[in-house]
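Q: This is the structure, below, for whatever I ask next.
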């Protein structure tokens, strides 16, 4: 039997996702036909048949625990100001939604095959974010259950995350380097737990994140530039 449920938002002041019409419609005039606030994008089922999806739950301004001055481990390293889309979970057995306010924007999502059923997301721009869904389901604590990290390349080659230079600064051989190549596609390597993804923009790059044993403190990024102009490459659609 087919059915449908309406996606709620936590804050009634959440703006409509599509914004006002740019020009009057020849059919509807100034009336805004599309009025979704949740702006849901990517769904994914977990091991118990619950539906997780990227969905807006509030306006874009982040709460205090995401920002500078917070004691959240991720905010200490890289505070965030805004997030345009967040997370939601629908449990068919109870027909109830859980709305999860994340400090990072979301677009696509994928489960890691780990004991925490970690949900990795793309669309975070300068960061990649994740949710420990096991912890969240058990505690309901969205603050403790989530994390995010800037994309930091180990340019000094010492195998750990150090002080880094910013994307618009030259490489310093004594420091690491932060990059802005945000994730669009996202996938987990089940063999080693690394997070792979594609980044938009021509010619684009492939990103590999190794979370390490204690992300975000141990997370390191590798960036692979594709040989797009190789004349020997076959034509592909």
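Residue numbers (the UniProt record's numbering): 1 to 237.
We put the CB at the ideal spot given by N, CA and C, even for glycine.
On a predicted model such as this, the values are computed, not experimentally measured, just so you know.
If you compare alpha carbons, which of 58, 80 and 6 is closest to residue 68?
A: Here residue 68 refers to the residue found at position 68 when the chain shown is read from its first residue. Checking every option, the nearest Cα to that of residue 68 belongs to 80.
Q: Under the three-state reduction of DSSP, which class applies to residue 82: helix, strand or coil?
A: Looking up residue 82 in the chain shown gives position 82. Looking at residue 82 - three-state DSSP - the assignment turns out to be strand.
Q: So, under 8 Å CB-CB, residue 37 and residue 5 are touching, yes? Tell me the CB distance rounded to an integer number of Å.
A: Locating residue 37 in the chain shown gives position 37, counting from the first residue. Locating residue 5 in the chain shown gives position 5, counting from the first residue. With a Cβ gap of about 15 Å, residue 37 and residue 5 do not count as contacting.
Q: Check whether the Cβ atoms of residue 182 and residue 125 lie closer than 7 Å to each other.
A: On the chain shown, position 182 is the one that residue 182 refers to. On the chain shown, position 125 is the one that residue 125 refers to. Yes; because the gap between Cβ atoms is below 7 Å, this pair is in contact.
Q: Can the beta-carbon of residue 105 be found closer than 7 Å to that of residue 85?
A: Walking along the chain shown from the start, residue 105 turns up at place 105. Walking along the chain shown from the start, residue 85 turns up at place 85. Yes. Within cutoff.
Q: Would DSSP call residue 208 helix, strand or coil?
A: By 1-based counting over the chain shown, the position of residue 208 is 208. It is a strand residue.
Q: Assess contact between the stretch 16-25 and the stretch 110-130, defined as three or more Cβ pairs (one per stretch) separated by less than 8 Å. Is contact present?
A: At 8 Å Cβ cutoff, the stretches do not touch.
Q: For residue 65, which three-state DSSP category applies?
A: Along the chain shown, read from residue 1 onward, the residue named residue 65 stands at position 65. Helix.
Q: Between the C-alpha atoms of residue 168 and residue 62, what's the straight-line distance to the nearest angstrom?
A: Here the question's residue 168 lines up with position 168 in the chain shown. Here the question's residue 62 lines up with position 62 in the chain shown. Approximately 25 Å between the Cα atoms of the pair.
Q: Could you have a look at residue 238 and say whether DSSP puts it in helix, strand or coil?
A: Beyond the ends of the chain as shown, which are 1 and 237, falls residue 238; an answer cannot be given.
Q: Looking at residue 166: is its Cβ nearer than 7 Å to the Cβ of residue 180?
A: Within the chain shown, residue 166 is the residue found at index 166, counting from 1. Within the chain shown, residue 180 is the residue found at index 180, counting from 1. Contact flag unset, no.
Q: How would you write the range of the alpha helix (DSSP H) that residue 74 sits in, first residue to last?
A: Residue numbering aside, residue 74 sits at position 74 when the chain shown is read from its first letter. Element bounds for residue 74: 73-77.
Q: By Cβ distance below 6 Å, which residues in the same chain neighbour residue 242 in space, the five residues on each side in sequence not counted?
A: Residue 242 lies beyond the stretch modelled for the chain, which goes from 1 to 237, so this question has no answer here.
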